[in-house]
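Residues 61 to 347 in my numbering are what the sequence shown lists, from first letter to last.
Below: the structure, in structure tokens.
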Amino acid sequence: MTTRPSTAGKLPLTDLAAMKRRGEKIVMVTAYDYPSGRIADAAGVDVILVGDSAAMTVLGHDSTVPATMEDMLFLSRAAARGAARPLVVADMPFGSYQVSTEDAVRNAVRFVKEAGVDAVKVEGAGAVLPRIEAIAGAGVPVMGHLGLTPQTVTALGGWRAQGRTAARAHQLVEDALALERAGCFSVVLECVPSPVAARISEALTVPTIGIGAGPDCDGQVLVFHDLLGLYEGRSPRFVKRYADLAAITLDALERYAAEVRSGAFPEEAHTYAMPEEELTLFRSAVG
Ligand code: KIV
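Put into structure tokens, the structure is as follows:
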């Protein structure tokens, strides 16, 4: 793989708020390993999210709930090694910040110390607010996540847009303001009607990052496997597919398999020779 090496240093976290003030859109994408981290960096992406969507896209589960701390640390470590300039945000998996504030801080610190990420992301408001305050207070920057929060998708009644009544939309605005007060440096808005996301983006001083939340968020995020056509599960309407890598990969693997079976691979160019006299000696030694 050849990618353009990153020349700039790490994007300062405070630049995200400055980008919002300047009206410059923030680009975020998920990545779960070294090559995807490298490619996202080479493409000029600003923020890499090691999302717990990896439970579905990489590990084959049917929701994000089974992701463990060890899964997320392993994936985050690899992605962070590949990403020099982008800020790397690790998703705290379900169960890693819900049980106690002490647990939440301990687990957030593990991401920074053991995986080398720059920040963590947690889902929800309400009972999660004290956890955010404690994590941010311990010096680990926190990204919030409102709207369709996949870790609690069952409680939300399924994979559906949130904030579609006036009362629920108002609650989302209140929750977003509470996340900012609790210390979040940014808030993801997932599957929220565009006018609601626009209102929240206007109300907050920290940037909003939308996924299925319309064009007025301060930035956008998509799941790596969705935008590259590598995930064949649920495909929400907000996904735009920029490539069909599953088809390209399938074609390459089918051609490889056919060439192995026919003997067309490997060719001369893929093999190693040895000096003629050494070959003669070798043949006489082995008879
Ligand atoms: O896990 C994830 O990939 C996410 C994004 C969809 C925001 O939380």
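For every residue, glycine included, the Cβ atom is placed at its ideal position computed from N, Cα and C.
Quick caveat: nothing in here was measured; it's all calculated off a predicted structure.
Cβ-Cβ separation, residue j to residue i (assumed contact under 8 Å), whole Å
i: G293; j: M116; result: 6 Å
i: E174; j: L133; result: 6 Å
i: P146; j: D106; result: 6 Å
i: L76; j: P275; result: Not really, about 18 Å apart at Cβ, beyond 8 Å.
i: E234; j: T265; result: Their Cβ separation, rounded to whole angstroms, is 16 Å, which puts E234 and T265 out of contact at 8 Å.
From the options, residue whose alpha carbon lies closest to that of residue i
i: I99; options: K181, F284, S136, G323; result: F284
i: F154; options: A312, L119, S123, A179; result: S123
i: Q280; options: A127, A139, A258, G218; result: A258
Residue i - DSSP class collapsed to helix/strand/coil
i: P335; result: coil
i: V299; result: coil
i: G69; result: coil
i: A273; result: coil
i: D311; result: helix
i: M152; result: coil
i: K85; result: coil
i: M61; result: Since pLDDT at M61 reaches only 49, below the 50 mark, its modelled position is unreliable, and the value read off the structure follows with that caveat. Residue state, collapsed to three classes: coil.
i: G97; result: helix
i: L76; result: helix
i: T268; result: strand
i: V177; result: coil
i: S322; result: helix
i: T117; result: helix
i: L206; result: strand
i: E327; result: coil
i: Q231; result: helix
i: E193; result: helix
Check whether residue i and residue j have beta carbons under 8 Å apart
i: V299; j: L287; result: yes
i: R141; j: Y92; result: no
i: V177; j: V202; result: no
i: I195; j: A227; result: no
i: R170; j: M129; result: yes
i: V200; j: A215; result: no
Please confirm if the segment 241 to 256 is in contact with the segment 198 to 208, defined as three or more CB-CB distances below 8 Å between the two stretches.
The segment 241 to 256 makes contact with the segment 198 to 208; the number of CB pairs closer than 8 Å reaches 3 or more.
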